[in-house]
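Chain order of the listed sequences is A and B. Each residue of the first sequence is one higher than the one before, counting from 1 in this note's numbering. Each residue of the second sequence is one higher than the one before, counting from 1001 in this note's numbering.
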Amino acid sequence: GAGVSQSPSNKVTEKGKDVELRCDPISGHTALYWYRQSLGQGLEFLIYFQGNSAPDKSGLPSDRFSAERTGGSVSTLTIQRTQQEDSAVYLCASSSQTGGTYEQYFGPGTRLTVT
Amino acid sequence: AQSVTQLDSQVPVFEEAPVELRCNYSSSVSVYLFWYVQYPNQGLQLLLKYLSGSTLVKGINGFEAEFNKSQTSFHLRKPSVHISDTAEYFCAVSTGSSNTGKLIFGQGTTLQVKP
């Protein structure tokens, strides 16, 4: 079956512009996670959605970052007024249920470059 | 707070030799432990996980790992590596108490298999 998909695969933007990154989780998966992979910081948790519950935003690095999940499926990560330190690969993952015992399936990522 | 330390950033090894990638974690609560592999320009793929029970866990592609609670370690091993095992390997932890399943990753170990 179809895995987690992300778009675009690559995004180059100018400093100060806003960007939107999209994630389509595996159909039927209720939990969705965003992570960031950068050279300096490694892999970091950003935000987590589970059904209709309030998201866990504890990993968002600043208020320029926000995310939403519409209809319990597709998620969009928005970065406003991008900075060069935002350059990274943004990974999305989904799992069938919440909790540490359930495998997270990762998408291929969106590589963001801020010039 | 939990943290994960991967003791080697790079591990070069010859084909058909055994390999061990080291991982230590710190947590004041019970944890679930994972190893993920990332091939070039791809997302993360789960190799194996420890949730409970037997401390020796077998995963895909001939990999196995042993959970050692007293040493807070979860080292990954393979008795004979192939060129195709060249990739980056991430150790990760999630806590049972948080129940969100969000993963805390180590910095990664690049396994370089040479012919």
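In this text, a Cβ means the ideal position worked out from N, Cα and C, and glycines have one as well.
Quick one, are the C-beta atoms of residue i and residue j less than 7 Å apart?
{"i": "Q1010 (chain B)", "j": "T1086 (chain B)", "result": "no"}
{"i": "G1043 (chain B)", "j": "G28 (chain A)", "result": "no"}
{"i": "S95 (chain A)", "j": "Q104 (chain A)", "result": "yes"}
{"i": "K11 (chain A)", "j": "T82 (chain A)", "result": "no"}
{"i": "V1004 (chain B)", "j": "Y1089 (chain B)", "result": "no"}
{"i": "Y90 (chain A)", "j": "L21 (chain A)", "result": "yes"}
{"i": "T1055 (chain B)", "j": "E1064 (chain B)", "result": "no"}
{"i": "P1115 (chain B)", "j": "E1015 (chain B)", "result": "yes"}
{"i": "L1007 (chain B)", "j": "Y1032 (chain B)", "result": "no"}
{"i": "G51 (chain A)", "j": "T30 (chain A)", "result": "yes"}
{"i": "G59 (chain A)", "j": "F49 (chain A)", "result": "no"}
By the three-class DSSP mapping on this structure, what secondary structure does residue i have?
{"i": "T95 (chain A)", "result": "For the sequence presented, residue 95 (chain A) should be read as Ser rather than Thr. DSSP places S95 (chain A) in strand when its eight states are reduced to three."}
{"i": "S1003 (chain B)", "result": "strand"}
{"i": "I24 (chain A)", "result": "Reading off the sequence, residue 24 (chain A) comes out as Asp, not Ile. Residue state, collapsed to three classes: strand."}
{"i": "D86 (chain A)", "result": "helix"}
{"i": "S1084 (chain B)", "result": "helix"}
{"i": "E14 (chain A)", "result": "coil"}
{"i": "L1103 (chain B)", "result": "coil"}
{"i": "S1094 (chain B)", "result": "strand"}
{"i": "Y102 (chain A)", "result": "coil"}
{"i": "S9 (chain A)", "result": "coil"}
{"i": "V114 (chain A)", "result": "strand"}
{"i": "V4 (chain A)", "result": "coil"}
{"i": "T30 (chain A)", "result": "coil"}
Is residue i buried or exposed, if buried means 16 or more other CB atoms sit within 10 Å of its CB?
{"i": "R69 (chain A)", "result": "buried"}
{"i": "D36 (chain A)", "result": "Here residue 36 (chain A) is Arg; the residue named in the question, Asp, does not match the sequence. Buried, because 16 or more other Cβ atoms sit within 10 Å of the Cβ of R36 (chain A)."}
{"i": "A1001 (chain B)", "result": "exposed"}
{"i": "Q6 (chain A)", "result": "buried"}
{"i": "T115 (chain A)", "result": "exposed"}
{"i": "I1083 (chain B)", "result": "exposed"}
{"i": "I1060 (chain B)", "result": "exposed"}
{"i": "D86 (chain A)", "result": "buried"}
{"i": "T78 (chain A)", "result": "exposed"}
{"i": "S1070 (chain B)", "result": "exposed"}
{"i": "Y1039 (chain B)", "result": "exposed"}
{"i": "K1078 (chain B)", "result": "buried"}
{"i": "P8 (chain A)", "result": "exposed"}
{"i": "P25 (chain A)", "result": "buried"}
At a threshold of 6 Å, does residue i count as lining the ligand SAH (C-beta to nearest heavy atom)?
{"i": "C1023 (chain B)", "result": "This structure lacks the ligand SAH; in fact it carries no ligand of any kind."}
Those runs of the beta strand (DSSP E) which lie wholly inside the segment 1012-1075 of chain B and span at least 3 residues: Those beta strand (DSSP E) runs which fall completely within the segment 1012-1075 of chain B and span 3+ residues are 1019-1021, 1023-1026, 1031-1038, 1044-1050, 1056-1058 and 1064-1068.
Near-chain A residues of the segment 1026-1037 of chain B - C-beta to any C-beta below 9 Å: Listed in sequence order: V1031, Y1032, F1034 and Y1036.
Contact list for the segment 28-45 of chain A against chain B, Cβ threshold 7 Å: Correct list: A31, Y33, G42, L43 and F45.
Residues from the segment 62-93 of chain A in contact with chain B, defined by Cβ distance under 7 Å: Near chain B, meaning a CB-to-CB distance below 7 Å, the residues of the segment 62-93 of chain A are L91.
Contact residues within the segment 1052-1072 of chain B, judged by C-beta distance below 8 Å to chain A: Only those residues of the segment 1052-1072 of chain B whose C-beta falls short of 8 Å from the nearest C-beta of chain A would be listed, and there are none.
Segments assigned beta strand (DSSP E), at least 3 residues, entirely inside the segment 32-81 of chain A: Runs found: 42-50, 65-69 and 75-79.
Members of the segment 1098-1110 of chain B near chain A, C-beta cut-off 8 Å: Answer in chain order: S1098, N1099, T1100, G1101, K1102, L1103, I1104, F1105, G1106, Q1107 and G1108.
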